[in-house]
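Numbering (my numbering), first residue to last: 34 to 118.
By construction, the Cβ of each residue, glycine as well, lies at the ideal position given by its N, Cα and C atoms.
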Amino acid sequence: MRPAHSSDLRKGRISVPLGLYFVSKRLIAVLPDPYRDDIVAAVLHARAKETIYLHAFAVMPDHWHALFSLRTEEALGTRMNAICR
34 MRPAHSSDLR KGRISVPLGL YFVSKRLIAV LPDPYRDDIV AAVLHARAKE
84 TIYLHAFAVM PDHWHALFSL RTEEALGTRM NAICR
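Laid out in structure tokens, this is it:
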């Protein structure tokens, strides 16, 4: 069995302004509650800066999911990097 490679998930991916995206981001480890709050704050900050239309998101112990649309010409990867910083 071949191990999963996240780079395979990005092959052929395009970024379209106002496009609807479902993203998942794995966390390095199971995070305690205060750190999960930081993830929530980062996603809400992106919404407040009006860079995304946030439709839904969920933070799990070891990953998070979000459903959003881009509001700018910015690439999806750039927006994800900003949220994850």
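Residue 96 is positioned such that its CB atom lies closer than 9 Å to that of residue 60. If you draw a 10 Å sphere on the C-beta of residue 101, you find 16 or more other C-beta atoms in it, and that means buried.
Residue 85 is bridged by DSSP to 103. Residue range 53-59 is occupied by the beta strand (DSSP E) that includes residue 53.
As computed with DSSP, residue 91 is found in a beta bridge with 98.
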